[in-house]
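K.L.:
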Amino acid sequence: MKKIILTFFTLFAIQTLIFGQLKAETNDGKNLLLYENGTWLYTDSIPSNNIKVTGITKLELPKTNSKEEIITHTGYSLSYNETHEQANWVAYRLTKEETNRLFKRTNKFIPDPKIKTGTASNKDYEGSGYDRGHLAPASDMGWSSNAMAESFYYSNMSPQTPSFNRGIWKNLEGLVRTWAIENNSIYITTGPVLTNGLQTIGANKVSVPKYYYKVILDYSEHGIKGIGFILPNTGSKESLQYYAVSIDSVEKLTGIDFFPLLQDEQEDIIEKKLCIKCWSWKNINTTSKNNENKATKSVQCSGTTKSGNRCKRMTTDSSGRCYQHLN
86 MKKIILTFFT
96 LFAIQTLIFG
106 QLKAETNDGK
116 NLLLYENGTW
126 LYTDSIPSNN
136 IKVTGITKLE
146 LPKTNSKEEI
156 ITHTGYSLSY
166 NETHEQANWV
176 AYRLTKEETN
186 RLFKRTNKFI
196 PDPKIKTGTA
206 SNKDYEGSGY
216 DRGHLAPASD
226 MGWSSNAMAE
236 SFYYSNMSPQ
246 TPSFNRGIWK
256 NLEGLVRTWA
266 IENNSIYITT
276 GPVLTNGLQT
286 IGANKVSVPK
296 YYYKVILDYS
306 EHGIKGIGFI
316 LPNTGSKESL
326 QYYAVSIDSV
336 EKLTGIDFFP
346 LLQDEQEDII
356 EKKLCIKCWS
366 WKNINTTSKN
376 NENKATKSVQ
386 CSGTTKSGNR
396 CKRMTTDSSG
406 RCYQHLN
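Counting in the working numbering, the sequence shown runs from 86 upward without gaps.
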């Protein structure tokens, strides 16, 4: 790429295209793409494979290793964690057309027949006080009877507090469906943050995560963008924007490499920054009214930053520490 020094007289119009990239127009009517590293290209000189964003299959899948048990179902794939009796992640592509629900919820929770070691069961959740929280939401699987039925496999469940599952988590799921409609299709990976020493429920010792994450990628010609979320497993009155983070932040917390099939330059730009303005946030409730009173009050994290100052992030965790300072 070429280097350029831009002055007021060089350009008469600059607009943000995606974070790390600007779109500009010169006085002679030519269009430029400007990158945060100081390089630029005329848009008509960019190779077609840098504009066309089709052709990458299974883009939603994180980087895997030979030891992981990867399961593929009709509507989603997952990496199963036998130690915690739930998925490390579930991943799928959701299109605008697939948001049209053709099939109703089955509400038939059953073990996943593809998991060789077995999964959790109804008895693990009975009397526990936790909801069987979907990782891949049933509402995203209503385009197929098989996809809907398989969304109720216990491999797709994780113990969630009722105020979380029926509140802000549900709202986030609805927001993501809105983004799928607005952007025609998006790639979604979601899961629990699994660590040692978690509380367990049931005879199968199903771990109860303290946090959940979700990462979303819009890989389309109108502007590639990504965003992540890290949410505590509790009710919350905070806005969804409050829990938005960069994808790199989710990778650091979970140790999972998301969207490894992206070109390295694209992956670096998309994942390292948080761009709130790149996404729409219209008509989004912060929490379900039925669960507002159950939400835990947030407090300032008691952890210390590398510079020695007190962390400014708020948390609802009983430890008084945010996700970055739990360990």
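Positions of the beta carbon are idealized from the N, C-alpha and C atoms, including for glycine.
What residue from 283, 344, 263 has the CA that sits closest to residue 145's CA?
P.N.:
Of the listed residues, the one whose Cα sits closest to residue 145 is 344.
K.L.:
Excluding the five sequence neighbours on either side, which residues of its own chain have a C-beta within less than 7 Å of the C-beta of residue 296, listed in chain order?
P.N.:
Counting only Cβ-Cβ distances below 7 Å, and skipping sequence neighbours, we find 278, 315, 316, 317, 318, 408.
K.L.:
Short check: CB of residue 183 to CB of residue 228, under 7 Å?
P.N.:
Yes.
K.L.:
Determine the direct distance from the alpha carbon of residue 244 to that of residue 211, and round the result to whole angstroms.
P.N.:
Using only the alpha carbons, I get a separation of about 11 Å.
K.L.:
Alpha carbons only, please: which of 180, 251, 385, 302 is nearest the one belonging to residue 226?
P.N.:
Nearest option by C-alpha distance: 180.
K.L.:
Sorted by chain position, which residues of the same chain lie with C-beta nearer than 7 Å to residue 390's C-beta, five sequence neighbours on each side aside?
P.N.:
Result list for residue 390: 396, in chain order.
K.L.:
Among residues of its own chain, excluding the 5 on either side of residue 209, which ones have a beta-carbon nearer than 7 Å to its beta-carbon?
P.N.:
Around residue 209: 286, 287, 288, 289, 291.
K.L.:
The ligand NAD and residue 353: does any heavy atom of the ligand fall closer than 6 Å to the residue's C-beta?
P.N.:
Ligands in the displayed structure: none, and consequently the ligand NAD is not present.
K.L.:
Please return the same chain residues whose Cβ sits closer than 7 Å to the Cβ of residue 326, not counting the five positions on each side in sequence.
P.N.:
Answer for residue 326: 361, 366, listed in chain order.
K.L.:
Can you look up residue 150 in the DSSP assignment and give me helix, strand or coil?
P.N.:
Residue state, collapsed to three classes: coil.
K.L.:
Starting from residue 397, follow the beta strand (DSSP E) in both directions and report where the run begins and ends.
P.N.:
Segment: none, residue 397 is in no beta strand (DSSP E) and carries neither H nor E.
K.L.:
Among residues of its own chain, excluding the 5 on either side of residue 328, which ones have a beta-carbon nearer than 7 Å to its beta-carbon?
P.N.:
Within the same chain, residue 328 has close Cβ partners 314, 315, 316.
K.L.:
Quick test of your reading: residue 265 and residue 159, contact by CB under 8 Å. State the CB separation rounded to the nearest angstrom.
P.N.:
Contact flag wrong, Cβ pair sits at about 17 Å.
K.L.:
Going by DSSP, name the residue or residues bridged to residue 173.
P.N.:
In DSSP, residue 173 forms no bridge with anything.
K.L.:
So which of 202, 175, 302 has the shortest CA-CA distance to residue 219?
P.N.:
If we check each option's Cα against that of residue 219, 175 comes out closest.
K.L.:
May I have the straight-line CA-CA distance separating residue 189 from residue 234, to the nearest angstrom?
P.N.:
So the alpha carbons of these two residues sit roughly 9 Å apart.
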